[in-house]
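Each residue of the sequence shown is one higher than the one before, counting from 46 in this note's numbering.
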Amino acid sequence: MTTTSANQTQAGIEDELVERVVASFADTPDPRLKELLTSLTRHLHAFIRDVRLTEAEWETAIEFLTAVGHITDDRRQEFVLLSDVLGASMQTIAVNNQAYKGATEATVFGPFFLEDAPKIDLGGDIAGGATGQPCWIEGTVTDTDGNPVRGARIEVWECDEDGFYDVQYDDGRMAARAYMFTDDDGHYRFWGLTPVPYPIPHDGPVGKMLAAAGRSPVRAAHLHFMVSGPELRTLVTHIFVDGDPQLEIGDSVFGVKDSLITEFAPQPAGTPTPDGRDLGERDWARSRFDIVLAPEGI
Ligand SMILES: [Fe+2]
């Protein structure tokens, strides 16, 4: 039949192009790079052929990626955001953090980590002027055999009560982030803020994409952790707030895991604090998060 023949011819043209592009990478010296480029070519072409991408849609995609690049700078990372809302960040984490014994589960890194957060002593306050309900957070860092990890580095970062990270303000402030080291018994403790739900930045191209899809930009309330120790797999994770209604509605970057949902126990004003800090008439909360690190290379 003519139609079948025409389709075969068309498919043959498309197949031949894929193979020519794949062949162009045949002499890539780095075998891993060769694998990545070859697989990318096959998947990208399969996508274009699957949806029969129009030229107008191709142009829109180029314009979109250009806009993602234009809005990205040292303090705003729209590419990470795009990866997050597509679930690509969580999939990469799933591939690279296979479950191991009782090791704490990982979740998205997000776009708001800064390299140069201040160091605090154990029991210090990370708020740095950020507003919100004070929250005492403590726990241990151990390996999967239960041995305490002394001197583990713990980075924590979170938004303020208005749902904004310091980097989202234009005044260059650094707040609600810090790092500390565990003590000889693997313990850590600090004052932070009780996490609140917040929308990911949605005034840019990623926000437009979410709106076009009818998706909410809101993330479930969380506090970020990055924990590292010698010969242990670095853990990037969050703790989520048990009872947060957003857990039911859904997290815009697919980051929630049941094992990371943590009780933040409300403490009425006047309740004595663990370190004797005087909070006056303010209520506060407390939470415990024990962290288990997998061995390096798992
Ligand atoms: Fe976050």
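Where a beta carbon is used, it is the ideal one built from N, C-alpha and C, also for glycine.
Predicted, not measured: the structure shown is a model, and the values here were computed from it.
Quick check for students: name the residue ranges of the beta strand (DSSP E) that lie wholly in the region 97-180, counting only runs of 3 or more. Within the region 97-180, no complete beta strand (DSSP E) run reaches 3 residues.
Quick one: what does DSSP say S261 is sitting in, helix, strand or coil? S261 falls in the coil class under three-state DSSP.
Neighbourhood of V262 by C-beta distance below 7 Å, restricted to the same chain and skipping five residues each side: Before going further, note that residue 262 is Pro rather than Val in the sequence given. Sequence-distant Cβ neighbours of P262 in its own chain, meaning closer than 7 Å and more than five residues away, are P244, I245, H247, G252, L255, S297.
Any C-beta of chain B sitting closer than 8 Å to the C-beta of A71? The structure shown has no chain B; it contains just one protein chain.
When every heavy atom of ligand 1 is checked, does at least one fall within less than 7 Å of the C-beta of H269? Yes, the Cβ of H269 comes within 7 Å of a heavy atom of ligand 1.
Below 8 Å between beta carbons: does that hold for A330 and Q312? Pairing A330 with Q312 gives a Cβ-Cβ distance under 8 Å.
Check whether the Cβ atoms of V201 and H269 lie closer than 8 Å to each other. Contact: yes.
Using a threshold of 7 Å, is the CB atom of C204 nearer than that to any non-hydrogen atom of ligand 1? Yes, the Cβ of C204 comes within 7 Å of a heavy atom of ligand 1.
For ligand 1, I want to know if G155 counts as a neighbour, meaning its beta carbon is within less than 7 Å of at least one of the ligand's heavy atoms. Short note on G155: C-beta closer than 7 Å to some heavy atom of ligand 1.
When every heavy atom of ligand 1 is checked, does at least one fall within less than 7 Å of the C-beta of R222? Not one heavy atom of ligand 1 is found less than 7 Å from the C-beta of R222.
E203 in three-state terms, based on DSSP: Reduced to three states, the DSSP call for E203 is coil.
DSSP on T47, reduced to helix/strand/coil? Confidence at T47 is low in this model, with a pLDDT of 40, below 50, so the placement of that residue should be treated as unreliable; the coordinate-derived value is given next. Assignment of T47 by DSSP, reduced to helix, strand and coil, places it in the helix class.
Between the beta-carbon of A223 and the beta-carbon of I294, is there less than 8 Å? Their beta carbons are not under 8 Å apart, which means A223 does not touch I294 by this criterion.
With DSSP as the reference, label G252 as helix, strand or coil. Helix, per DSSP.
Please find out if some non-hydrogen atom of ligand 1 comes closer than 7 Å to the beta-carbon of R121. Not so, every heavy atom of ligand 1 lies at least 7 Å from the Cβ.
Report the residue from V272, R234, V241, D303 whose alpha carbon sits nearest the alpha carbon of R318. For the sequence presented, residue 318 should be read as Thr rather than Arg. Ranking the options by Cα distance to T318, first place goes to R234.
Measuring straight from C-alpha to C-alpha, what distance separates H267 and T105? Rounded to whole angstroms, H267 to T105 spans 34 Å at the Cα level.
Report yes if the C-beta of R331 is less than 7 Å from at least one heavy atom of ligand 1; otherwise report no. For R331, the distance from the CB to the nearest heavy atom of ligand 1 is not below 7 Å.
Short of 6 Å in beta carbon distance, which residues of its chain neighbour A112, apart from the five on each side in sequence? Order them along the chain. So the list reads P250, once near-sequence residues are dropped.
May I ask you to check if the CB of R264 is nearer than 7 Å to at least one heavy atom of ligand 1? Result yes, Cβ under 7 Å from ligand 1.
Closest Cα partner of A139 within the set F299, T316, A314: The closest CA to that of A139, considering only F299, T316, A314, is found on F299.
Same chain only: Cβ atoms within 8 Å of A39, ignoring 5 sequence neighbours per side: Past the edges of the chain, shown from 46 to 343, lies residue 39, and the structure says nothing about it.
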